[in-house]
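Here is the structure we will look at.
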């Protein structure tokens, strides 16, 4: 693996340099878990007995960044931006008064450092030079058994950083593990406290869950342990017993999505959220709650508009066979139409039904070029200004009317388009 993984090679070099300088140094955390599971780590973290100033002395100030020196963390810069490695001094931590980070840290031994980490499967160290695992928390046993277990007393670990409740569910769901019973009970006892975590951090965890192939299980576990209802109180009505069929269908739609991006998966999760007036299927053009959910999670405007458009247009393919060519082409030319089609197909599969409308769309796309679906416009604003028109309501109406005629095959040239404008104006004047 190392021959084809420059990041691993650099992470090994960081450990070697620190050990050559006389310091204990290991890989730590999630990368060790992934390696022991036979997976390629996305990132490598290093834990060491070297203090931050000593780490900077070993690698030089020009190749290090002091981003968290007061917490014992230094960034070592690699050959590329992607190769940077976080190097942290073995430490114990003071109280987490803000529910996210300790007030202070004290440097310590590897054993003590391991016991301040979140879960046993993330609490192991690995020496890439000797290829030896250092496990002070029985992480290997839990990894073998497929268990996510908090280190020490679960309530203490969750109180230190409330986000760990979401992380526990994410690890269990995405790794196809089970939650340790005492860890699960702690989450259920403290679930309402997830509300104090910043929306941005919650959103990051949700994104990782929803793009994973085990997204259905992740959402189900969030519900079972009381977290989903706190993060998305708008879903409480749907997951209530009398709406169990609707909620089961939502979970099935999530499961049927083929490798979705976050926005598509989020739209599937939220597509039946009630509106303020109590309608189960609401249209966002009238201001539904999906937009407020996205704003609450501090999603980007691009993410918000993507999710909102999918939910608002979730039924657009119903009856599409009877639509005009212009209506069909306008929908399929939309940049999010591919996601909308995936959404509709997942909804159909989840309901164990076929759809003549979706078959029609698939056949149409197979035999129709993009150029035919979304051809260049025949006229634009400059053409109308040359005809003496000023931008305004009529201006837009004429451009839209010409576009519809073009997509319906009624006109196909600039001259025909200009003549169409003249006829429309004469009709309006008459």
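Residue numbers (full-length UniProt numbering): 1 to 430.
Just so it is clear, CB atoms sit at the ideal spot from N, CA and C, and this is done for glycine as well.
For clarity, every value in this text was computed on a predicted model and none was experimentally measured.
Buried or exposed for residue i, please, with buried defined as at least 16 other CB atoms from any protein chain shown within 10 angstroms of its CB.
i, result
"residue 70", "exposed"
"residue 376", "exposed"
"residue 37", "exposed"
"residue 129", "exposed"
"residue 302", "exposed"
"residue 329", "buried"
"residue 240", "exposed"
"residue 314", "buried"
"residue 52", "buried"
"residue 396", "exposed"
"residue 204", "exposed"
"residue 195", "exposed"
"residue 236", "exposed"
"residue 84", "buried"
"residue 338", "exposed"
"residue 422", "exposed"
"residue 387", "exposed"
"residue 260", "buried"
"residue 238", "buried"
"residue 244", "exposed"
"residue 300", "exposed"
"residue 57", "exposed"
"residue 233", "exposed"
Which residue from the options puts its Cα closest to that of residue i?
i, options, result
"residue 191", "223, 345, 141, 299", "223"
"residue 250", "158, 111, 346", "346"
"residue 292", "425, 199, 156", "199"
"residue 333", "374, 367, 302", "374"
"residue 150", "115, 219, 26", "115"
"residue 119", "79, 28, 53, 203", "28"
"residue 20", "8, 59, 9, 52", "59"
"residue 349", "48, 127, 80, 256", "256"
"residue 44", "52, 299, 88", "88"
"residue 177", "154, 161, 162, 141", "141"
"residue 431", "331, 306, 47, 405", "This structure does not reach residue 431, given that the chain is present from 1 up to 430, and the question cannot be answered."
"residue 206", "85, 393, 164", "164"
"residue 324", "382, 390, 410, 398", "410"
"residue 451", "55, 25, 254, 74", "Any answer about residue 451 is impossible in this case: the structure gives the chain only from 1 up to 430."
"residue 297", "201, 214, 355, 336", "201"
"residue 258", "231, 215, 229", "215"
Grouping DSSP H, G and I as helix and E and B as strand, with all else coil, what is residue i?
i, result
"residue 132", "strand"
"residue 380", "coil"
"residue 353", "coil"
"residue 91", "strand"
"residue 410", "coil"
"residue 119", "strand"
"residue 272", "coil"
"residue 328", "helix"
"residue 259", "coil"
"residue 360", "helix"
"residue 348", "helix"
"residue 212", "coil"
"residue 340", "helix"
"residue 284", "Here residue 284 scores only 41 on pLDDT, less than 50, and its place in the model is too uncertain to base an answer on."
"residue 446", "Absent from the structure is residue 446, since the part of the chain shown begins at 1 and ends at 430."
"residue 279", "Its pLDDT being 45, under 50, residue 279 is placed unreliably in this model, and the value from its coordinates should be taken loosely. Looking at residue 279 - three-state DSSP - the assignment turns out to be coil, as it is neither helix nor strand."
"residue 206", "helix"
"residue 316", "coil"
"residue 221", "helix"
"residue 53", "helix"
"residue 334", "coil"
"residue 240", "coil"
"residue 232", "coil"
"residue 323", "coil"
"residue 393", "helix"
"residue 399", "helix"
"residue 304", "helix"
"residue 226", "coil"
"residue 252", "helix"
"residue 21", "coil"
"residue 388", "coil"
"residue 6", "helix"
"residue 16", "helix"
So who's on the other strand from residue i, going by DSSP bridges?
i, result
"residue 127", "132"
"residue 76", "64, 85"
"residue 46", "27, 87"
"residue 106", "92"
Counting contacts by CB-CB distance shorter than 7 Å, is residue i in contact with chain B?
i, result
"residue 238", "Checking the listed chains, one finds no chain B in this structure; it contains a single protein chain."
What are the complete alpha helix (DSSP H) segments, minimum 4 residues, inside the region 136-202? The region 136-202 contains these whole alpha helix (DSSP H) runs: 139-145, 154-160, 164-174, 181-190.
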